């Protein structure tokens, strides 16, 4: 018995070593949940380009999970060469541990965000409650599904979009915004911990009249679940959701993969990368591609995080840290 | 069974209570066990057989299946050895700390699997106690196969020992002592006397241990890092696909897990049916 276990362990060891040795270059991209299809296509295209230019084959491994959890894993030693997460705050958390430079967001164009999304509403077929804009969400009898901004990165964008809408109304101020958001959360029957949980609550369990969601996720859910059950409503004004990307300095230096990791994130800005992003429902940064995919992404007034809230550290401290504005709303108590 | 037999002779109201209780139990079983199980298969085949097979044939799915089996193949034998050794120590010897050992064996049952996963991250993660040392020596535990194996061993540790301890306690050590007196060596005694006596409980413990090893989610999720094709076991792959709105894929893999569970159940039932008397004779306090 003992001997066979030893033999087994040895065999496993050999297999693992062989698997590692067989690869040419290998990158690990630690990403958040709904980017699987996007990066499957990006990885194939990038590997082909890299092979053509350098003759090396590059294998890109993917890890997907909730954005905050993924950041935590990288801090705990998940050897990410590249991180592609839902909000800058999560990459800031990795930078705080010294794994990448604090000014990482200045190292790539457009705030290190090669593609964007925006916050929209997913409603049931025919829009029975007549939801057109943020104001309709707080009408009597309307139930809204959005995850808990304390635990979900995606939901923080939702929260800030709602806040920004109220702020931008005539006579808007922090006080009116707070009153609006407080009223909005009174219409939320279930506060899921993550974006995917909220989508499943709305789609699978049939709870609520409106799901506040990222546009790319709403389009993805619509495609995956059939086009007939849901409609997307783009509000009059909304936030530009910026899911940033970064090379993890200390990991690429350790792995000797800096050149290929840098080329990988830059590829996201190339025409080919931008087109793949657009096909996967992210709004491309490139004006030419934005124009070509205009029918998929309805025009709307938008504001960015920095327009209204400064940077993510400031927004986090003001709204979502313990004792911040979200806690003051008394949601769920 | 005997309760039902006795009920034939009791008065009507009591009989009614029996019927109601049985009906309740059945409804409960159907609602909470059979229906979800059926849902898994219905959802998996919602779009037909071809998408089902397609979802399972993807390299990511195949690697998740391989990894799940690999982890079980390492964790289960180790826990078999540990379980037998621990049960042996506890039932055959007196030593200080015996009660403590017994309590520690149950620890994985009482601790949330997520916590047990986090413990390994705190020990071996980059910010953990041994993290920097492991990193300097290029040893990967967390977010690699060893971490998955460790976490799985931890959560499945009690199964074999817990099956064996009551049985070995009840059996006592007379037969083993007789074997030693008749001149058997330690190993001879173990393989010819002890092992035959405990074989059914052992097999049962291994089956349960294996089922849990393949199905474990919480602890494994914490230490996995969710690297597709490398550190993603079947339960994790199910979650990831569900989160990507790939319901057919998620349920297809879930159906494989369910099949493995059903297979375990069938094996267990077969054992009980075929060797029921023998098992009952050996396990007075058993199942």
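Residue numbers (this note's numbering), protein chains in the order written: chain A, 1 to 333; chain B, 334 to 620.
For glycine and all other residues, C-beta sits at the position ideal for the given N, C-alpha and C.
As the structure is a computational prediction, the values presented were derived from the model and not from experiment.
- Among the residues facing chain B, residue 215 of chain A is not included, as its CB has no counterpart in that chain under 9 Å away.
- Non-local C-beta neighbours of residue 396 of chain B in its own chain, meaning closer than 6 Å and more than five positions away in sequence, comprise 562, ordered along the chain.
- One alpha carbon belongs to residue 325 of chain A, the other to residue 156 of chain A, and they sit about 12 Å apart.
- In this structure, the alpha-carbon of residue 532 of chain B lies about 15 Å from that of residue 600 of chain B.
- In chain order, 578 make up the part of chain B whose C-beta sits under 7 Å from the C-beta of residue 221 of chain A.
- Measuring C-alpha to C-alpha distances from residue 97 of chain A to each of A:266, A:286, A:55 and A:74 identifies A:74 as the nearest.
- By the rule that beta-carbons nearer than 9 Å mark a contact, residue 461 of chain B touches chain A.
- Contact of residue 473 of chain B with chain A is assigned, a C-beta pair being separated by under 9 Å.
- Setting aside the 5 residues that flank it on each side, residue 454 of chain B is surrounded in the same chain by 461, 475, 555 and 556, each with a C-beta closer than 7 Å to its C-beta; the list follows chain order.
- Here residue 245 of chain A is actually not in contact with residue 99 of chain A; their C-beta atoms are around 15 Å apart, not less than 8 Å.
- Residue nearest to residue 594 of chain B within the set B:543, B:362 and B:558 is B:543 (criterion: CA-CA distance).
- The DSSP-derived three-state label of residue 27 of chain A is strand.
- When the Cα atoms are used, residue 290 of chain A and residue 317 of chain A turn out to be separated by approximately 33 Å.
- Distance from the CA atom of residue 499 of chain B to the CA atom of residue 507 of chain B, rounded to whole angstroms, is 16 Å.
- Taking a contact to require three or more Cβ pairs closer than 8 Å, the stretch 464 to 471 of chain B and the stretch 373 to 390 of chain B do not qualify as touching.
- Assignment of residue 313 of chain A by DSSP, reduced to helix, strand and coil, places it in the helix class.
- For the stretch 185 to 229 of chain A, the full-length beta strand (DSSP E) segments reaching 3 residues or more read 210 to 214 along the chain.
- Shown here is that no member of the stretch 360 to 378 of chain B has a Cβ falling below 8 Å from a Cβ of chain A.
- Boundaries of the beta strand (DSSP E) around residue 120 of chain A: 115 to 124.
- Close to chain B, meaning a Cβ-Cβ distance shorter than 7 Å, is no residue of the stretch 226 to 245 of chain A at all.
- Per DSSP, reduced to three states, the secondary structure at residue 240 of chain A is strand.
- Our two residues, residue 64 of chain A and residue 323 of chain A, have alpha carbons roughly 30 Å apart in a direct line.
- By the C-beta density criterion, residue 301 of chain A is exposed, having fewer than 16 other C-beta atoms within 10 angstroms.
- In the three-state DSSP reduction, residue 173 of chain A falls in the coil class, being neither helix nor strand.
- Of all residues in the stretch 26 to 53 of chain A, only 28, 33, 34 and 36 place a beta-carbon less than 7 Å from a beta-carbon of chain B.
- Counting only runs of 4+ residues, the alpha helix (DSSP H) found wholly inside the stretch 363 to 451 of chain B occupies 368 to 377, 382 to 390, 392 to 425 and 431 to 443, in chain order.
- In this structure, the straight-line span from the alpha carbon of residue 34 of chain A to that of residue 576 of chain B is close to 7 Å.
- Between the stretch 224 to 237 of chain A and the stretch 250 to 266 of chain A, the count of Cβ pairs shorter than 8 Å is below three; the stretches do not touch.
- In the three-state scheme derived from DSSP, where H, G and I count as helix and E and B as strand, residue 566 of chain B is classed as coil.
- Inclusion of residue 243 of chain A and residue 117 of chain A in the CB contact set at 9 Å is warranted, their separation being smaller than that value.
- For residue 561 of chain B, the neighbours in chain A by C-beta distance under 9 Å run, in chain order, 36, 61, 62, 63 and 64.
- Between the alpha carbons of residue 217 of chain A and residue 415 of chain B lies a gap of roughly 47 Å.
- Note on geometry: alpha-carbon atoms of residue 47 of chain A and residue 38 of chain A lie some 14 Å from one another.
- Taken through DSSP and simplified to helix, strand or coil, residue 463 of chain B comes out as coil.
- Interface annotation for the stretch 441 to 460 of chain B against chain A: 454, 458, 459 and 460, criterion Cβ-Cβ distance under 7 Å.
- With the rule of 3 Cβ pairs closer than 8 Å, the stretch 119 to 134 of chain A counts as touching the stretch 198 to 212 of chain A.
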